[in-house]
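Undergrad: Numbering (the numbering used here), first residue to last: 302 to 503.
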């Protein structure tokens, strides 16, 4: 007795659909990995002061994101893959840093065109890179830039308190921003104390 639709022919059709999904998933993984790689390269370029190079990486990511979004439309299950969500967060982080260094401001959710969760996570993750930039500048003697960054990180922290996400991971990131802010305040404090002491010695 055969029960419809549990036939060999129907099984082959479903097997073909599964193969199609697996192929799409591989493409999503490849694109997401490339976005993540380019985000790190963009941030590294920014730290070197190469905004032109960072812009090229940003443009490449934007093209890859367009392709990625078209793939995600083909199967709803693909949208839940962690690597594609991570790629979005990494893009927001890198683009935020680029936008800040070039124009002195941050992008909006509408500008980056992503989910609110990935936008919020990426903005908070950018605080860590801002800290690294501030430390790089302090080592070059530019403490004013570090103070400017401190104000920005503080603004990110207050902004996220107002956003007040219920998601555990996002709330945990608020604590991360707090720690980053505290560390930078300490660095600035010690740099100013050492600078004053050195000045008095001279």
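Note that beta-carbon positions come from the ideal geometry of N, C-alpha and C, so glycine has one too.
Can you say whether residue 308 is buried or exposed, counting buried as having 16 or more other CB atoms within 10 angstroms of its CB?
TA: Label assigned to residue 308: exposed.
Undergrad: Evaluate contact between the segment 302 to 317 and the segment 358 to 378, counting only Cβ atoms and requiring at least three cross-stretch pairs below 8 Å.
TA: With a cut-off of 8 Å, the segment 358 to 378 and the segment 302 to 317 do not count as touching, because too few Cβ pairs lie within range.
Undergrad: For residue 349, which three-state DSSP category applies?
TA: Three-state DSSP puts residue 349 in coil, outside helix and strand.
Undergrad: Could I get the ranges of all uninterrupted beta strand (DSSP E) runs contained in the segment 365 to 445, with 3 residues as the minimum, in chain order?
TA: Fully enclosed beta strand (DSSP E) runs of 3 or longer: not present.
Undergrad: Can you tell which of 463, 459, 469, 399 has its C-alpha closest to the C-alpha of residue 478?
TA: Looking at the Cα atoms, 459 is the closest of the given residues.
Undergrad: Among the candidates 334, 355, 376, whose CA atom is the shortest distance from the CA of residue 319?
TA: Minimum Cα distance to residue 319 is reached at 376.
Undergrad: I want to know whether the segment 365 to 381 touches the segment 397 to 404 - three or more CB-CB distances under 8 Å.
TA: Contact fails: fewer than three Cβ-Cβ distances are below 8 Å.
Undergrad: If contacts are defined as beta-carbon pairs under 8 Å, then residue 336 and residue 388 qualify, I think. What distance do you get, rounded to the angstrom?
TA: 4 Å between Cβ atoms; contact.
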